[in-house]
Every structure is written in C-alpha cells, then in structure tokens.
Amino acid sequence: MRKPIGVIDSGVGGLTVVSEMIRQLPKEEIIYIGDTARCPYGPRSEEEVREFTWEMIHYLLSENIKLLVIGCNTATAVVLEEAKEKLSIPVIGVIHPGAIAALKTTNNKEVGVIGTEGTISSGAYYRELTTINDKVKVVSLACPTLVPLVESGEYEGVEAKSIIQEALSPILDYNIDSLILGCTHYPLIAPLIQEVAGSKVAVICSGDETAREVSTLLYYENLLYTGEKPPSHVFYTTGSKEMFTTVAENWLGRNDFTVRETDLKLSVALRKKI
Ligand code: DGL
C-alpha cells in the first residue's frame, strides 16, 4: 500500500529537502506542511516552536504518513528527540545530516554554522559535530534577517546580496573551510551565500544527506514503495497559496504537485473531534 512521507517546516525552507527527496526517491509520495503564516520560528520561544511543530505533526499523522522528516532546523532542535520517543513511525531531523555532510567535507576541521537564533542558541550543531569528532572547531552565527528575506520571495539581486553580506560578515573573519547552512531556507540563497563566503569555503546544505538518511531508513524498515503508480505530492501552506506555488515551482523545477491552503489550528481541532 502506498503511504506518503511527511515533511514539515515553518515555511518554504523544507522544499530544499523535498527537492533532494524527489531526486533520490522519485517513486515516493510526499505530503508537506509549511507553516508560512507563523514563519519565522527562529525568534520564537521553545514552547511556541514545540506547540506549532506538534500541530503540524498531528496534522500529518492523520494523513497516515509512514515516516516524518522535520525539515526545519529550529523545530529539529526542539522536538526531534521527543518526536522519536513518542511516535511509532521513524522520524528524521535535518541537524544530524547537516553535521555529517560538513564532517565529510572539511579538511582543516574548522566548521562554520549559520542558522536561526533558536537553532544557534540551542547548541545542537555544536553538540552533533563535536560528539562525532571532538577535534572539530565550530564557529556559530545566528542570521535572523535571512529567513524573512527568503520568505519575501525577493531573494535575488543586489539588495539581497547586501543583506547576506551584512549577516555573514562576523563569521568570515574565521578560518573556516566549510559553512553549514543550518536553516533549510538558506539553500534558496546558496549562490549568493557562496559569493559572499568566497571560493575557499564549501557551502553545505543538509538536503542531500537528509534524503540519503530517508532512503536508508525506508530500506531498513521495509517501507520503500515498490509499486508502479506515480506519486502525487501535496503541499499545504498556512499562508498564501500563490507565493508558495511560485517558490515551489521555481525551486523544484516542476509543477506536478498540488498546493493547498490550510488553517492548522482549525483542521487539527476538527480532526480531533472526528
Ligand atoms: N527552515 C527553518 C529552519 O531550518 C526556518 C526557521 C524559521 O522559521 O525561522 O530553521
């Protein structure tokens, strides 16, 4: 039987993970929620991030997903461990895959991490990187202006580059050779981040490694879809359908998916009643 993989994010950022999942696992069906109306999660309290993230998880559980990807670093930092404990389906976050990708890339063992205030202050990347390799030096920086830049849809051009330049400048004084984009929104501006960081710094996105973990887990849990029916992906947004569709089409380079607006709170309440 066909069951979808659920992916959640505070907005359009998780699409950067979805694109890798579609590339590596073209037969799998994806159901996505971007909580665009309440984005950004980065400056919010842990309690709020936890509450909103669980709303998205409950929504997707009622869609009978077989695996959950928390495609948001901020939500991964707060909820991953408890979601793994409480849910009976496999759960994957994006921080471990991001750390693994950086450890594979770095030569000088000096790794930079940029992310939201929530992700950086949680210390989750530092813990993940140094637990695996305690010789790694980690330099972390919160970049609160970058998620609003991406969600505005105006993330190309001179103005965007100057916002990125200003946000990144404190980390560029360090001798890092790899820079983890510790927020799934950032790959959408990766070319500009690469320009600003310079050619000596490898820019690391977690999407590729996350999709690889999904693939491995589906295989080990015997959950891979082996039928012939093509997948029909559904993307929910709590914000504007038009904006979400534009970003999704641009980023994924396809339009064979359905975008629907949803009110998470209302839908969760209704679903609980049923
Ligand atoms: N994509 C989310 C992340 O990876 C963005 C966070 C936000 O909403 O501030 O952290």
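For any residue, its number in the working numbering is found by taking its place in the sequence shown, counting from 1, and adding 1.
All residues carry an ideal CB built from backbone N, CA and C; glycine is no exception.
- Taking residue 79 as the centre and dropping the five residues before and after it, the same chain places the C-beta of 47, 50, 51, 54, 119 and 123 closer than 8 Å to its C-beta, in chain order.
- Within the DSSP bridge table, the entry for residue 143 names 116 as partners.
- Residue pairing from DSSP leaves residue 90 without any beta-bridge partner.
- Residue 234 places its beta carbon 7 Å or farther from that of residue 14.
- A straight-line Cα-Cα distance of about 29 Å links residue 226 and residue 184.
- Residue 201 carries a coil assignment under DSSP once its states are collapsed to helix, strand and coil.
- For residue 97, the enclosing alpha helix (DSSP H) covers residues 96-106.
- Note on residue 199: under 16 other CB atoms within 10 angstroms of its CB, so exposed under the neighbour-count rule.
- Residue 179 places its beta carbon less than 7 Å from that of residue 112.
- Using a Cβ distance threshold of 7 Å, residue 249 and residue 22 do not count as a contacting pair.
- Between residue 106 and residue 191, the beta carbon gap of about 14 Å keeps them out of contact (Cβ cut-off 8 Å).
- With contacts defined by Cβ atoms closer than 7 Å, residue 142 and residue 171 form a contacting pair.
- Short note on residue 42: C-beta closer than 6 Å to some heavy atom of the ligand DGL.
- In the DSSP assignment, residue 7 falls outside any alpha helix (DSSP H) and lies within the beta strand (DSSP E) extending over 6-10.
- Annotated three-state conformation of residue 163 is helix, per DSSP.
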